[in-house]
Structures are given as C-alpha cells and as structure tokens.
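Okay, structure first, notes after.
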Amino acid sequence: MKQYIINRILSGIVVLFGISVFSFLLIHFVPGDPVKIMLGINATPESIENLRNHLGLNEPLWFQYGQYMANVFQGDFGTSIKTGRPVLTEIVERFPETVKLAAVGLTIAVVIGITVGIIAAKYKDTFIDSLFTGFATLGISIPSFWLGLLLIIVFSVQLRWFPIADGTSMRDVILPAFTLGVVASTMISRVTRNGMVEVLNNEYIRTAKAKGLDERYILFHHALRNVLIPVVTLVGLQMAALLGGTVIIEQVFNWPGLGTLAVGAIMSRDFPVIQGTILFMGVVYVTINILVDILYSIIDPRVDLSSKEAA
C-alpha cells in the first residue's frame with residue numbers, strides 16, 4: 001500500500017506539472033499584448049513597460065516559468081493587478097466559502113442519492129423504481145444555473161423563505177447547496193441503485209433473509225456496505241468536481257467563493273489571479289483523488305492496493 005500511495009503521489013505531481021505549465025502559458029496564449037489587455041487602451045508606454053518588468057515578461061519564457069514556480073514553492077502566487085494584494089491571500093480568503101458550499105451540497109447529494117438509490121433497488125421494476133429513475137435522468141438533464149434561478153424565483157422572490165443572494169450564513173447557503181446537491185445526487189442514486197440491485201441478488205443476501213434477519217439490517221449492513229466502494233469513488237470525484245465547478249452557482253447566488261473570484265479576475269484581465277486559482281484548484285483536485293484511493297482500503301479491507309501497484 002505504501003508503494004501504491006507513493007506512485008499515486010508521483011503521478012499527481014506529473015498532473016500538477018501539466019496544470020502549472022498550462023496556467024503559466026495562459027497569459028502567453030491570449031491574443032495581443034496581455035499587458036495592454038490588463039491596463040486597458042489608455043495605458044501609457046511607461047506603465048506598460050513597468051508592468052512588463054514587474055511580471056518578468058521581458059525575460060525568456062523558460063526563465064519566467066522557473067521564476068514563477070520558484071515563487072509558488074515559497075507560497076508566492078504573485079500579486080493581483082486589480083487589488084494589489086497577494087494572490088494567495090485572495091484565494092485563502094475565498095476558499096473556505098467554496099468548501100462550505102461544496103460540502104453542504106455534497107452532503108445533500110449523498111443523502112438524496114443513497115436514499116433514492118436504495119428505495120429504487122428495493123422496489124425494482126415497479127412504479128417507484130421508474131419514478132426515481134426518471135428523477136435521476138431529469139436531474140442530469142437540468143442545467144444547474146436554470147435550477148438555481150428557479151429556486152430563487154420560488155423560494156426567495158415568491159415565498160420569501162430564503163434571502164436572494166449576497167450572504168454567507170447557513171441560511172444563505174441552503175439554496176445554492178441544494179442546487180448543487182440535487183444535480184450531483186442523480187449520479188450517486190444511479191450508481192447506488194445499480195449496485196444494490198446486483199448485490200440483492202447474491203446468495204448471501206437470500207441466506208440472510210432465510211435466517212429471518214431484519215430487512216433494514218440486511219439492506220444497510222450487508223447490501224449497502226458492499227456498494228460503498230463505487231459510491232465512495234463517485235462521491236470523491238463529485239467533491240472535487242463541486243469544488244472546481246461551483247463557478248456558475250456562485251455567480252447565480254453571488255456567493256463569495258473562488259468561482260466568483262475567478263470570474264472577476266477574468267473580467268478584469270487579472271492574469272496572476274487566474275493563474276493562481278487554476279493551480280490552486282488543481283492541487284485540491286489531485287489531493288482529493290489520492291485521498292479517495294486511500295479510503296478504499298479503509299472502507300473495505302478486501303481491497304488490495306498492492307495489486308494496483310503491480311497493474
């Protein structure tokens with residue numbers, strides 16, 4: 001297992017290297033002079049040259065990348081052109097709000113997804129199964145921004161149960177988190193349902209029923225436990241996806257997270273913030289995926305990570 005973890009970390013470093021190269025070259029892929037784009041059409045030649053020197057754009061490309069990564073390893077992601085503050089400070093201030101939104105959304109997704117999946121499997125090939133399967137299909141098809149706007153209209157504008165936007169309390173997080181959770185729960189429910197249907201047909205489940213064990217005990221202790229591996233895999237991927245994919249929902253609900261920071265940086269051509277946000281979220285995504293792999297063996301000791309090493 002130790003060797004497998006080391007291999008996963010090494011592969012994660014390779015992925016992060018690719019992300020760092022992409023985020024660094026982003027500023028050079030922009031058509032035109034990125035400095036003029038940052039400063040606007042009214043910028044003076046002196047201010048343009050000063051910013052080019054500040055960003056090190058007059059140096060060779062390989063030297064710029066080396067300097068950039070050397071600064072990153074020291075915790076220096078650059079300075080925001082818009083605010084003049086360190087990029088890492090901007091990210092650290094916004095990241096907890098994104099984590100809060102993603103965590104609450106994932107909790108809602110797991111509760112809804114596993115519950116719906118278990119019920120659909122228990123009543124396989126009945127109206128209830130068809131109803132919940134249709135719910136999952138509908139959830140995948142609904143754009144998250146449309147669902148968010150619909151929830152705002154119904155629960156904020158008409159019923160006035162929740163604030164419209166621009167807050168960070170637990171009451172403010174319910175609607176955006178529910179929007180994320182409903183969409184994410186559809187995949188979890190389908191994986192849970194398919195896994196439960198397969199497990200419930202196994203011989204040991206029939207044996208447990210023949211012994212007269214409580215049906216809920218069989219469902220949750222015997223069946224669900226054997227379905228958790230693919231569910232945990234999906235939940236880990238969903239968590240990483242929610243952390244990196246809250247951009248649209250944060251904009252719809254004006255949630256002050258990393259998504260709002262990134263969109264604001266794009267609108268203002270604040271390239272250091274864009275670079276830093278991409279690299280930071282890349283680190284988070286890779287770390288979550290490694291932790292999910294390690295979690296396999298904790299949930300189910302039968303999972304032999306050493307076999308994956310050989311593969």
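In terms of this note's numbering, the sequence shown opens at residue 1 and continues consecutively.
For glycine and all other residues, C-beta sits at the position ideal for the given N, C-alpha and C.
Every value quoted in this text rests on a predicted model; they were computed, and no experiment measured them.
Taking 9 Å as the cut-off, the Cβ atoms of Val-104 and Ala-177 count as close. Taking the C-beta atoms as reference points, Glu-90 is found nearer than 9 Å to Gly-276.
The C-alpha of Ile-6 lies about 21 Å from the C-alpha of Ala-240.
If you draw a straight line from the Cα of Gly-282 to the Cα of Ile-164, it is about 31 Å long. Under the criterion of beta carbons closer than 8 Å, Val-252 and Leu-149 qualify as touching, at roughly 6 Å. Excluding the 5 residues flanking it on each side, Ile-174 has same chain C-beta neighbours closer than 7 Å at Phe-162, in chain order.
Fully contained in the segment 41-96 are the following alpha helix (DSSP H) runs of length 4 or more, in chain order: 45-55, 61-73. Here the segment 186-197 lies against the segment 222-234, with 3 or more beta-carbon pairs under 8 Å apart. Taking the CA atoms as reference points, Glu-250 sits about 23 Å from Gly-113.
Contiguous alpha helix (DSSP H) elements confined to the segment 213-269 occur at 224-244, 247-252, 258-267, taking only those with 4 or more residues. Taking Leu-295 as the centre and dropping the five residues before and after it, the same chain places the C-beta of Val-232, Gly-236 closer than 8 Å to its C-beta, in chain order. By the criterion of a C-beta distance shorter than 7 Å, Ser-23 is surrounded in its chain by Gln-275, Ile-278, Leu-279, once the five residues flanking it on both sides are discounted. Rounded to the nearest angstrom, the gap between the Cα atoms of Leu-147 and Gly-259 is 18 Å. When the Cα atoms are used, Leu-61 and Ile-248 turn out to be separated by approximately 33 Å. Secondary structure at Leu-175: helix, using DSSP grouped into helix, strand and coil.
Taking 9 Å as the cut-off, the Cβ atoms of Ser-80 and Val-273 count as close.
Minimum Cα-Cα distance from Glu-97 among the listed residues Val-15, Leu-242, Leu-291, Ile-128 corresponds to Leu-242. Pairing Leu-55 with Gly-75 gives a Cβ-Cβ distance that is not under 9 Å. Between the beta-carbon of Ala-109 and that of Ile-9 there is about 28 Å, and that puts the pair past the 8 Å contact cut. Note on geometry: alpha-carbon atoms of Gln-64 and Leu-39 lie some 20 Å from one another. Shown here for Phe-17: not one same chain residue has a beta carbon closer than 8 Å to its own, the five before and five after excluded. If you ignore the 5 residues before and after Ile-152, its C-beta comes within less than 8 Å of the C-beta of Ile-164, Ala-165, Leu-175, Val-252, Phe-253, all in its own chain and listed in chain order.
The continuous alpha helix (DSSP H) containing Tyr-204 extends over residues 203-210.
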